[in-house]
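A quick write-up on the structure given underneath.
Below you can see the structure in the form of structure tokens.
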């Protein structure tokens, strides 16, 4: 368990640099990560399981006691984010197709990455997971 803790601490401390380095490697040598597609679902599952193990039922009870935070987050996901995406598309004078793509991405629910970033920044991971869950369940109805 101590080894896992040390690895987690290292990755957490150097996460931004690791992401930039991996991006640079992928840009310089696009084939460097080829063939790893099969591992993605498993890696996402391990990440989500690991984060889930850090949460306790009481964490979600605290989220349930302040539903406004959850509602504001979900409302921001489907109102504020698409409006910001629209503003960016308009400011950059993008074609209608690119603008539609950016707006759709802006309206898409967060995923593992958002939860990991909240966890690494020692934010309210339970609230982030709850927001992602509710946004994902509402996505078929609310995504434009």
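In our numbering, the protein residues as written are 10 to 153. Even glycine gets a Cβ: it sits at the ideal position worked out from N, Cα and C.
Can the beta-carbon of residue 122 be found less than 8 Å from the beta-carbon of residue 111?
Here residue 122 refers to the residue found at position 113 of the chain shown. Here residue 111 refers to the residue found at position 102 of the chain shown. Against a cut-off of 8 Å, the Cβ pair of residue 111 and residue 122 comes out as no contact.
With residue 79 and residue 139 assumed to form a contact (beta carbons below 8 Å), what rounded beta-carbon distance in angstroms separates them?
Counted from its first residue, the chain shown places residue 79 at position 70. Counted from its first residue, the chain shown places residue 139 at position 130. Their Cβ separation, rounded to whole angstroms, is 6 Å, which keeps residue 79 and residue 139 in contact under 8 Å.
Using the Cα positions of residue 135 and residue 145, report the straight-line distance between them to the nearest angstrom.
On the chain shown, residue 135 is found 126 positions in, with the first residue counted as 1. On the chain shown, residue 145 is found 136 positions in, with the first residue counted as 1. Roughly 15 Å separates the two Cα atoms.
Between residue 81 and residue 150, what straight-line distance do the alpha-carbon atoms span, to the nearest angstrom?
Position 72 of the chain shown, counted from the start, is the residue given in the question as residue 81. Position 141 of the chain shown, counted from the start, is the residue given in the question as residue 150. If I take the Cα positions, the gap works out to 18 Å.
Pick from 126, 128, 114, 93: whose alpha carbon is nearest that of residue 148?
Along the chain shown, one-based indexing puts residue 148 at 139. Selected option, being the one with the closest Cα: 114.
Output needed for residue 21: all residues of its chain with C-beta closer than 8 Å, excluding positions within five of it in sequence on either side, in chain order.
Within the chain shown, residue 21 is the residue found at index 12, counting from 1. Cβ within range, chain order: 129.
Can you check which of these residues, 132, 93, 126, 70, is closest to residue 28 by C-alpha distance?
Here the question's residue 28 lines up with position 19 in the chain shown. Measuring from the Cα of residue 28, the nearest candidate turns out to be 126.
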